[in-house]
Amino acid sequence: MSVLASIQSRIRAAAIAAGRPADAVTLVAVSKLQPWDHIAPILAAGQRVFGENRVQEAMGRWRDRRDEIELRLIGPLQSNKAREAVSFFDVIESLDREKLAQVLAGEIQVQGRAPRLFVQVNTGEEPQKAGVIPGQADAFIARCRALDLPMEGLMCIPPAEADPAPHFRLLGQIAARNGLDKLSMGMSDDFETAIACGATSVRVGSALFGART
Ligand SMILES: *Cc1c(COP(=O)(O)O)cnc(C)c1O
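Per the working numbering, the sequence shown runs over residues 1 to 213.
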């Protein structure tokens, strides 16, 4: 079995084990920092949803193939890159502050094009990590809606050394009480746990493409 097929089958098995439909979870292939010869076979095998951390890197890698794929920004977004991000990505998963919400709202107006948006929640309240803290998530989501932003779901990156399950469950609770049904959570080492906790998309990089260079 190819690496892609084996990840897909683990995703389907985890969904079924959780009592969910086999196709309930979208695989986001995280191609950041990967050489093209690692990405090409995955694209050729039919993978169509890719995640990138940086706007410029993503544009360099995907500009000529942009129409073939769905592209998601999963890394921190600076306000001064918002214009390019709105024009280039289908989904932005790293909305995490008022200033960025305002700038995105303005760009969406100007461009007449709107990526679907996820709020990143810093479930572990780690100072070095992006994301709104859980206690401020409800107010921030309401603020994004007041700006007419197309809110789709929530994203988190649990602390590296912790059991991720409580973080995934917390993200699910915040989403449920705010009427958001998409949960971007789970990476190479913990995507099956995330699916058990309700992930609707998982972001898998190294398990698909190999270690990043
Ligand atoms: C790099 C990255 C991933 C993929 O991590 P792997 O452990 O290689 O699967 C997922 N999500 C985010 C936000 C990332 O930056």
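All C-beta atoms, glycine included, are put in the ideal place defined by N, C-alpha and C.
Cutting at 6 Å between CB atoms, please list the residues of its own chain near residue i, excluding the five before and the five after it.
i	result
Asp96	Gln120, Ala130, Gly131, Val132
Val103	Ser79, Ala82
Arg12	Ala22
Arg116	Val91, Pro150, Glu152
By DSSP's criteria, residue i is part of a beta bridge. Which residues make up the other side?
i	result
Val121	Val132
Gly179	Answer is none; Gly179 lacks a bridge partner.
Leu95	Val119
So for residue i, helix, strand or coil by DSSP?
i	result
Arg203	strand
Ser184	strand
Glu152	strand
Ser6	helix
Arg113	coil
Thr238	Missing from the structure shown is residue 238; the chain here goes from 1 to 213 and no further.
Val137	Strictly speaking, residue 137 in this sequence is Ala, with Val absent from that position. Helix.
Arg169	helix
Leu147	coil
Arg20	coil
Glu126	coil
Ala14	helix
Ile157	coil
Ala162	coil
Gly210	coil
Gly198	coil
If you drop the 5 nearest sequence neighbours on each side, which residues of the same chain put their C-beta closer than 7 Å to that of residue i?
i	result
Ala105	Leu147, Asp148, Leu149
Pro134	Val121, Thr123, Leu170, Ile174
Ala45	Ser2, Leu4
Leu33	Arg212, Thr213
In chain order, what residues of the same chain have a beta carbon less than 8 Å from the beta carbon of residue i, not counting five sequence neighbours either side?
i	result
Met59	Glu84, Phe88
Glu48	Sequence check: residue 48 is Arg here, not Glu. Closer than 8 Å at the Cβ level, and outside the excluded window around Arg48, lie Glu68, Ile69, Glu70.
Trp36	Arg61
I'd like to know whether the C-beta of residue i is nearer than 7 Å to at least one C-beta of chain C.
i	result
Ala137	Reference to chain C is not applicable here, since this structure consists of a single protein chain.
Minimum length 3: unbroken beta strand (DSSP E) runs contained in the region 25–92: 26–30, 49–52, 70–73
(message) So, does the region 11–30 touch the region 192–203, judging by three or more C-beta pairs under 8 Å?
(response) yes
Checklist entry - Below 8 Å, can you find three or more Cβ-Cβ pairs linking the region 45–58 to the region 83–94? => result yes
Are there three or more Cβ pairs, one per stretch, closer than 8 Å when the region 174–186 is compared with the region 149–164?
yes
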